[in-house]
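In this note's numbering, the protein residues as written are 1268 to 1506.
Note that beta-carbon positions come from the ideal geometry of N, C-alpha and C, so glycine has one too.
Owing to the predicted nature of the structure, the values given are computational and were not obtained by experimental measurement.
Structure, as structure tokens:
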């Protein structure tokens, strides 16, 4: 009987019924069937979230738990609760986080990405220098268009640590083209330790920098991180 059930589940792509049905109490047929199918649905949703988290390629998975927003200056356009619900993604709006190293920008960007995955949204996380290297390699290999088209299908693109490494002009141009294509098609989240006025030191071209900022800032929520470094504070507290 169990083998017949296993085959039926396989044919109907009910991957989790065999693992759960024996543990579900039977009160009546309707209750039992609803409970079995609810477990199947829940397991599928958990599996989807797990796959989305893996595809996002976060450096470290972070959540909003115990995260402090005290040292962040918010614009009138978005609240803490709206940010935690990542409702901006549905409107293809951007979030730009500016502040010193270690003030929690990457943690917040990652937590938003994780929440988006939990909502079934497609996310990609890249350190900016890493993404530029990938774009250059794909361009040289002749596979850039396919890579860019895949990225444009995601719901949220997180670009971490803009400003840590200046780019060669080729890399700058490729990143500019990608972000131009993202404009009003998906949400871009950027973290940077540089003020906008310093971004030309990364891109090396004032005209490109102004055009890029113009695209990113339109439909964007800009957060200013004014606190001291969490890592420095923790290190000092150990002594």
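- Between residue 1326 and residue 1368, the alpha-carbon positions lie close to 16 Å from each other.
- Secondary structure at residue 1299: helix, using DSSP grouped into helix, strand and coil.
- Contact between residue 1458 and residue 1373 is confirmed by a C-beta separation of about 6 Å, below the 8 Å threshold.
- Annotation: the continuous alpha helix (DSSP H) that includes residue 1406 extends over 1395 to 1408.
- Sorting 1382, 1441, 1376, 1383 by C-alpha distance to the C-alpha of residue 1406 places 1441 at the top.
- In the DSSP assignment, residue 1361 is bridged to 1487.
- Within the same chain, 1353, 1356, 1390, 1422, 1423 come within 7 Å of residue 1383 by CB-CB distance, once the 5 residues on both sides are set aside.
- Taking 8 Å as the cut-off, the beta carbon of residue 1469 is found no closer than this to the beta carbon of residue 1426.
- DSSP, read as helix, strand or coil, puts residue 1422 in coil.
- Rounded to the nearest angstrom, the Cβ distance from residue 1403 to residue 1437 is 6 Å, consistent with a contact under 8 Å.
- DSSP links residue 1429 through a beta bridge to 1459.
- In the DSSP annotation of this structure, residue 1493 is not part of any alpha helix (DSSP H), being labelled neither H nor E.
- Residues of the same chain with a CB within less than 7 Å of the CB of residue 1388, apart from the 5 flanking positions on each side, are 1356, 1422, 1423 in chain order.
- In the structure shown, the three-state DSSP call for residue 1454 is strand.
- Scanning its chain for C-beta atoms nearer than 7 Å, with the 5 sequence neighbours on each side dropped, one finds around residue 1439 the residues 1470, 1471, 1472, 1475, in chain order.
- In this structure, DSSP gives residue 1326 a state outside helix and strand, which the three-state scheme calls coil.
- About 14 Å separates the beta carbons of residue 1446 and residue 1411, which is beyond the 8 Å limit, so they are not a contact pair.
- Taking one beta carbon from each stretch, the stretch 1292 to 1302 and the stretch 1317 to 1333 have fewer than 3 pairs nearer than 8 Å; the two do not touch.
- If you look at residue 1382, you'll find it in the alpha helix (DSSP H) that goes 1372 to 1385.
- In the DSSP assignment, residue 1438 falls within the unbroken alpha helix (DSSP H) covering 1436 to 1449.
- No residue range can be given for residue 1389, since it is assigned to no alpha helix (DSSP H) and is classified by DSSP as neither H nor E.
- Going by C-alpha positions, residue 1492 is about 13 Å away from residue 1376.
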